Structures are given as structure tokens and as C-alpha cells.
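Take a look at the structure set out below.
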Amino acid sequence: MAGNPKIEELARRIREMETRAGPSGERAVGVSGFLGPVLAEGTLPAGSLVEVIGAGEGSGSWTFALLLARDACGPRAMIVVDTQRTFYPPGAAGLGIDLERVVLIRPRTAAAAFSAMNRSLRCAGVGAVVGWCERLKASDNQRLRLAAEEGGGLGILLRPAEARGERSFATIRLELAPLASEDRSRRVRVKVLRCPGALLLPLAPLAPDPSPPGVSGGEGRRIGGEGGGRTFFLEIDDETGDVRVLSALAAATAVVRPAHPA
Amino acid sequence: MYFPHWPLQRLLCDRPTLREQATAVVEPHAARGPKVRHCSRRALEAGVKPGMPTAEVNALAPGVHLEEEDPRRDREALTGLAAWAERFSPLVGLEDAEEPECLLLDVSGCAACFGGEENLLRRARREFGEAGWWVRLAIADTVGAAWALAHCVEEPTAAPAGETERHLGPLPVEGLRLGEGTRELLDHLGIRTIGQVFGFSRRDLAARFDLELVRRLDQALGRRAEVIQPHPLKPEIEAAWEFEYPVEHLPTLKAVLERLTEELAEKLQRRRVGAREVECRVWYARSTPARSSPSPPGTPKGEGRGEGGQKRGGVVLGMGLFRATQSGEHLCGMLLGRLERVRLEEAVVGMSVRVPRVEPIPENQGDFLEPAADEEALARLVDQLSNSLGKEEVVRAELAADHQPEHAYRYAPAIREGRKAERRKGRTIAEIVARPERGPIRPVKLWPSPVSLQVWGMLAGGAPARFRWGSQDYDVADSWGPERIETGWWRGPEVRRDYFVLRTRRGSRFWVFRQAEARWYLHGAFD
């Protein structure tokens, strides 16, 4: 198969169609389930770096990151850089993540973790890389962004709350916080700290407060510009790995993707 | 190719005059004295049966010739037959058993040379028969299925591709190559056929029988690979270099390593195999004379003798690979990475590289949408990371059928087994058994050791109303549970835990347990 340019071109076109090429026609990663309320095409350009700033343990940021990686990976492998050595495979499997596709790296030092992330992001055979970075210099942040662009996969950096004010070269910066709810559903608030304008959904005029009913403490205000301040809400079912978007930004709330095929 | 009663067939081939006599092969060191293992038709007619003590044979039929078994000679003879059987396939091996009785042939793509699989079977049976061998033949998609058909079906059988399960169903469970204990248990439960085994859930199979049953079922159905080790073993693939004078210059060593790995790559490509392990040896002289020769292959590790007879030392760098490769560049890169981290104590007088373990390079048609280059790139990444971080740090996770959370999974080095990252045709039984379809929810983070908590108050249901973790207090808004998890006494310290999922007022979720109705611990987080 290799070496036949017509067949390779055909394969490339089919892959683009299946991964829903972005506005520029370049290869993209379909992540509509999570960032659909924000992204115009429901896709991210291949080679994006997503920085997820969590609100501490139990906030849902790892779950969010793993589900995002699951959707973005496609047939390629997922690399999880488990610096804290707390990744729990049965929990990930319960979210519908195929452990056959996951390579787990358990480095002992922050430097080794960075090197592993950098190399993994550069690899064309890797669909997504998920890793925790306690501290990250701006220059290293940039290197990871360049590595993701080279490899063409999706990089997802999990950061502590203290990293909010740091300089970042990530394509998209999100801040996650858990929400209390009146029922037992697990809800998280996703605030877009930064997203390139070209990727954004246009704002609707006279948008009402998008806080869904039954959610306390929601912020819901939508502010224009580079996606800063846009907020939406997700409901995650820990039993099935299903994710629902809860926001007036979406036309209707719907089950995005079941974790376990019927 | 199954040779029933192989030790007897081999004996009769070695000593044809015994064909005219009632003959039995005896196991001399069986429990409670020597016993008959195999007997000829004439011996059977005389009343001799397998398992009969020789004392009873002598009393019952004194004319029966008794011969002690000779496993070494049996294996040699079967190896000789393997060479002869190469007329049917270029890849012939002995079955992986202590006393093999079968030859395994990979006839993929060979049937066309014989006008089809049926013709291949007919011809093989005829040619072996003409040579005096009694052989039972079968062709199937997997080694396990072919073994079962050859052992359980008298006539040569070719199971069409994709119909393995249908052909295995009616066969007795003995066709699964099980140990005596498992067979007895199955018989005790009234399970006589492989089809009956199919009817059980996989979780039940793993829980009630040992993993051998699920492993053999996986092998028979093609969900677990089974590799044929070719016989006779071909010479090792290796290349060596001798320096005219001792060398300390690293770039020179690198250049030589590149050349040696290129040579290895050519040999791998000629043999159409890939390297799964590679080893580099670096020799240096502990003393003069300046010129000495590297030891020939087969010399004990780490030592060699120079022309002057002095002992030499050296360094051995070995590593496994995620995926079989024929790429000299990749092998060189891996070994260079190791070489650069080694502190050479002396100047080097010679180097060699060898491939201790090979695997056939699969020639499957490439997937249209998933370029082979991506697989190759992933394999190289895993090799490089394993090389630099250590193979225990680059792992794959496997679920285990265990209720205790910290034992519900295992990590295995990724380079131990180069499984593809793409989809499989079906999950292995162990995987299905261990992976709950819709089991209790589990957190995505689990602490290596549970963390002791200080708690206050109690909610309805038994969960704490408030707990302190580290320096922070958490107020509990809601809880789910308890989920009781306990293990048997044979595990060691008793585990009896009541697990709760706690949701705090801020919305965070944690997984805690109460041990023996006293202490509380934090074990994981739904992060």
C-alpha cells in the first residue's frame, strides 16, 4: 500500500472526512461532545494543546481530560503520563476507554515526565497525550505546543489552580470546577480562559443567562472576545461515561456519546 | 500433524522387528511402580491396557515385550520428522509440550501449491503412511483448533476459515489441551464438549476454573496468539567486529555499531523475521597484548579468551522491543542510547550484536485508513521511552478479576508483548472476565495506599458528615453506599471494607472506606 500516491491521497481524504476537517480544510480532531458549545465546527485543529486547570482533587478534571482524549484519539494510541502514580485503570475502563489503546508512562521525576510528554506529542502514532504538570515553565509550555503541532495529535495538560495566572501557549485554556447539584448527577463548570477567535462559535445576540435549572452557583455569563469568560456546563455519568452538555449555548441537551456501545 | 502413541511409533520405527510382537512402552518411574503408557494392537488383544502395572502385564501376558520410554530419543526423532515435513510448509515446529507428539505447520498460502487444503491433507497422509507413520491431520485457523481436530477426529479435517467455533463445538473438552485437574472438574460438572464450555459466561469460567481453561479457549478461538517455534532452530542472527587496536573513542564505536546493525537488518530481512530482542556485547582486554580476538559465539557471557590466553571482560547491553523490527536504524538507535549511558572501564577491542529472539514479520494487508507508519512510529516511541525510563515505567494496564481495588488491575511492560494498539477481532476471555460490563463505579484516581481520615458526624446510610484530609475540611452533601468488599483469609491480612462515594458541598467526589467499622480512609477520587 505504501508508495502508491493515489491510494495515499484517497486515504488522507477519507481520514479527513471521518475526523471532520476544520474550517481551513486541514486535519482536525473531533471533540464536539465537550467543546461543541464553544467551537464553531466542533473540532480542534490537529496538533492542538489543551490546558485544563482543575479546582483540586475530585473536581472532575482527569475525567474530563480522559474523555476528551478518548474522543480525539480515534484508532491511534493514547498516552497517559501518570506522574502522580494515581491513574486507576478500572476507573478509566468504566468510562469506556479501551485500555488496549493506552500506554501508561509512570516517570519518577518531573523532568522525565516532561520529556515523555514532549516525545509522545511528537509521535505521529499517538492520538492524544494526557499528563499532569505541577509546574511548567513558559518555554516548556511552548515546546509542548510545538511538539503537538509536529505530531498532529491532541495534547491535554492538567494543571493545578495556581497555574491560572501563568503564561501559556496552549491552543485552548479551560478552567474546570465541580458544581453542587440538587440531584446526584455530577456536573462540572467549564470556563474558557482562552480560545482562538477563528475557532469560536459566533455569539448569539441578547443571550440569556445560560445557567441550567437545578444548578447552584453557576456563572453562565458570556463575554465576547477570544473566548475568554465563556462558560458551559457538563453533566458526567460516572457509571456509563456519558457526557451531556448543559447549557443554553447548545440547541438542546443530548447524550453526546455513549461510553459502552449498545 | 498428530502422531498417536508417538513413543510407540518411534520405537517400532527404530526397531522394526518389534512390529511382529505385542509391544508396550513403559514409564519406569511412575508412582507405585512402572506402568504401561502405550501398547500395540497385539498387546491390547493380549489384555494389556495403558496404566497397567508391569508386574500385572508379566503375569497376564508374559509374551508382551516391554520397553522403557526414551523421551530424548522421541524428541530427536520428531525433530527429524519436522525437517522432512518442510516439504509441506517452510515453517514447521514441535508442539510446545514436555513430550511432544505433534508437528505444527503453518500452511498459510501453501495449500495452493498442492491444489487446495484437502489435497494437501491427502498427500501428507499418503506420504507419511508410505513411510510407515500413523498420522492424524487437521487444518484450522489456529494451532489450538487444529490440535483439537487432529486429536478428536479420525479423518483428516480442514475447518474452513472463520468456522472454527462451529467445528470445535462437538469435540470433547480433551481437545482443549487441559491439565488433568481441569478435565476432572469439567467431567464432574457434566461438561463433556467444547460447545458446552462456550455456553458459560467468561466470568464464571475464570472464577470456577484456573486460567488455563480460558487461555486454551482463547488460543483455540484465535483471541490469543500462539507462535510456532521453528525446528530445527536456525543459527542465531549476529554480527561481530574486531578492532585492530583498542578503541576508546565513542564516535568510532558508534560507527561500528551502525555497521553491525545494518548487517543484522540484512540478515533479518533475508530470513523474513524481525527482532524482538537485541543484544550488544562490548569486549575489552584487561591486559596486553594489544591484539586479541573477540570470543566466538557461544562463549560464556562476559568472558573471552584472547590469542594470548588472557581473560577479557566486557559489557552486555540487552533490550526487548515493542514490536518486531527489521530496521537497522531503529536497532542502532536503541543500542546507542544504552551505550552512551555506559561507563566503559577500558578501551574496547571488539563488539558484537545479536538477536536472541525473533518473530515472523506479519504480512497482513495494511489497513487502508491506518498507515503502517503510525504503528511503526508508536513502536519506536515505546522502545525509546522504555529504553530511557526503564521498561517498568512504560506499561500497559490489564484488568484482573479481583474485588480488592488495588488488585483489580496489573501493569505489564509495554515491550513485553507488542500488541497492536488497534482494534482486535474480539476481546480475550481474561479481558472480558475482568472488565465489568456495567459494574460498580470506580474512580479514575486511586491512591497507592489508602490515606487515613479524621471524620465527624454521620449521615443516614453511615457515611461521615465531615472529614479532614490533609489541612482541609470537607463537608459531605451526599453519599452512595456502602459497597462491601472483603477478601478471603488466604490472602493475608483480612480486608473488610465498606466503600462510600462522598459528594462534598462544593461538588467534589471522593471514594472512601471504613475498615472494620472503625477507621476511615480515603482511597480514590472521581477527579
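In order, the protein sequences belong to chains A and B. If you use the working numbering, the first sequence corresponds to residues 1 to 262, in order. If you use the working numbering, the second sequence corresponds to residues 1001 to 1527, in order. Note that CB positions come from ideal geometry on N, CA and C, so glycine has one too. Quick caveat, the model's predicted, so the values are computed rather than measured.
Residue i, enclosing beta strand (DSSP E) - first and last residue
i	result
Gly1328 (chain B)	Taken as a continuous stretch (DSSP letters only), Gly1328 (chain B) belongs to no beta strand (DSSP E), being part of the alpha helix (DSSP H) at Gly1328 to Arg1341.
His1523 (chain B)	Arg1519 to Ala1525
Ala1275 (chain B)	Val1273 to Ala1285
Ser978 (chain B)	What the structure shows of chain B is the stretch from 1001 to 1527, and residue 978 (chain B) is not part of that stretch, so it cannot be assessed.
Arg194 (chain A)	Arg186 to Arg194
Pro1246 (chain B)	Ile1237 to Val1247
Supposed contact pair residue j and residue i - C-beta distance, whole angstroms, cut 8 Å
i	j	result
Thr1182 (chain B)	Glu1212 (chain B)	6 Å
Gly1222 (chain B)	Thr1157 (chain B)	Not quite, the Cβ-Cβ distance comes to about 17 Å (not below 8 Å), so this is no contact.
Leu1168 (chain B)	Ala1148 (chain B)	6 Å
Leu1390 (chain B)	Ala1324 (chain B)	Note on identity: in this sequence residue 1390 (chain B) is Gly, with Leu being the wrong assignment. With a Cβ gap of about 22 Å, Gly1390 (chain B) and Ala1324 (chain B) do not count as contacting.
Ser1452 (chain B)	Pro1413 (chain B)	Their Cβ separation, rounded to whole angstroms, is 33 Å, which puts Ser1452 (chain B) and Pro1413 (chain B) out of contact at 8 Å.
Leu1091 (chain B)	Leu1081 (chain B)	Not confirmed; about 15 Å, so no contact.
Leu1268 (chain B)	Val1315 (chain B)	About 24 Å separates the two Cβ atoms, so there is no contact after all.
Limits of the alpha helix (DSSP H) - the one that residue i falls within
i	result
Ala69 (chain A)	Ser61 to Cys73
Cys1152 (chain B)	Val1143 to Cys1152
Phe114 (chain A)	Ala110 to Arg122
Val1455 (chain B)	From DSSP, Val1455 (chain B) is part of no alpha helix (DSSP H) but of the beta strand (DSSP E) over Lys1445 to Trp1456.
Ile79 (chain A)	Looking at the DSSP string, Ile79 (chain A) is not in any alpha helix (DSSP H); the run it does join, the beta strand (DSSP E), is Ala77 to Val81.
Ile1194 (chain B)	Ile1194 to Phe1198
Residue from the options whose Cα sits closest to the Cα of residue i
i	options	result
Pro196 (chain A)	A:Pro45, A:Glu8 and A:Ala11	A:Pro45
Gly122 (chain A)	A:Ala110, A:Leu146, A:Gly131 and A:Ile236	The question names Gly, but residue 122 (chain A) in the sequence shown is Arg. Cα-wise, what sits closest to Arg122 (chain A) is A:Leu146.
Ala148 (chain A)	A:Glu51, A:Ala11, A:Pro5 and A:Glu9	A:Glu51
Arg189 (chain A)	A:Gly60, A:Leu10 and A:Gly47	A:Gly60
Leu144 (chain A)	A:Arg119, A:Val243 and A:Gly96	A:Arg119
Glu1277 (chain B)	B:Asp1527, B:Ala1158 and B:Leu1264	B:Leu1264
Ala1150 (chain B)	B:Trp1134, B:Ala1082 and B:Ala1161	B:Trp1134
Leu1176 (chain B)	B:Arg1166, B:Gly1190, B:Ile1194 and B:Gly1162	B:Ile1194
Arg1354 (chain B)	B:Met1319, B:Gly1337, B:Arg1323 and B:Pro1050	B:Met1319
Pro160 (chain A)	A:Ala138, A:Asn141 and A:Cys133	A:Cys133
Pro1034 (chain B)	B:Leu1018, B:Ile1485, B:Pro1053 and B:Glu1020	B:Pro1053
Arg1357 (chain B)	B:Pro1230, B:Leu1260 and B:Arg1442	B:Pro1230
Arg1270 (chain B)	B:Pro1360, B:Leu1344 and B:Ser1352	B:Pro1360
Gly1199 (chain B)	B:Arg1496, B:Glu1184, B:Leu1178 and B:Pro1170	B:Pro1170
Leu154 (chain A)	A:Ile53, A:Gly74 and A:Ala11	A:Gly74
Glu1226 (chain B)	B:Glu1095, B:Asp1204 and B:Ala1347	B:Glu1095
Check whether residue i and residue j have beta carbons under 8 Å apart
i	j	result
Val102 (chain A)	Met78 (chain A)	yes
Val129 (chain A)	Leu66 (chain A)	no
Pro1464 (chain B)	Trp1520 (chain B)	yes
Asp1074 (chain B)	Glu1099 (chain B)	yes
Leu1044 (chain B)	Val1025 (chain B)	no
Gly125 (chain A)	Glu1069 (chain B)	no
Pro1450 (chain B)	Leu1522 (chain B)	yes
Val1535 (chain B)	Trp1469 (chain B)	Absent from the model: residue 1535 (chain B). The displayed extent of chain B is 1001 to 1527, so no value can be given.
Pro178 (chain A)	Ala69 (chain A)	no
Leu246 (chain A)	Arg187 (chain A)	yes
Gly241 (chain A)	Leu35 (chain A)	no
Ala1022 (chain B)	Gly1051 (chain B)	no
Residue i, buried or exposed, once every other Cβ within 10 Å from all chains shown has been counted against 16
i	result
Ile7 (chain A)	exposed
Glu1144 (chain B)	Reading the sequence as shown, one finds Gly at residue 1144 (chain B) and not Glu. Flag for Gly1144 (chain B) reads buried.
Leu1012 (chain B)	buried
Gly1328 (chain B)	buried
Phe1526 (chain B)	buried
Gly151 (chain A)	buried
Trp1283 (chain B)	buried
Ala1434 (chain B)	Only weak support exists for where Ala1434 (chain B) lies, its pLDDT of 42 falling under 50; the coordinates are left without a value.
Met1458 (chain B)	exposed
Arg230 (chain A)	buried
Ala1255 (chain B)	exposed
Val1048 (chain B)	buried
Arg1032 (chain B)	exposed
Gly91 (chain A)	buried
His1038 (chain B)	buried
Gly1306 (chain B)	Summary for Gly1306 (chain B): the model assigns pLDDT 39, below 50, so the residue's position carries little reliability, and this model does not support an answer.
Leu1089 (chain B)	Position check: residue 1089 (chain B) holds Ser in this sequence, whereas Leu was assumed. So Ser1089 (chain B) counts as buried.
Thr1164 (chain B)	buried
Arg1015 (chain B)	exposed
Val1444 (chain B)	buried
Trp62 (chain A)	buried
Ser48 (chain A)	buried
**Residues, ordered as in the chain, of the segment 1503-1519 of chain B that lie near chain E by beta-carbon distance below 8 Å** = Of the protein chains in this structure, namely A and B, none is chain E.
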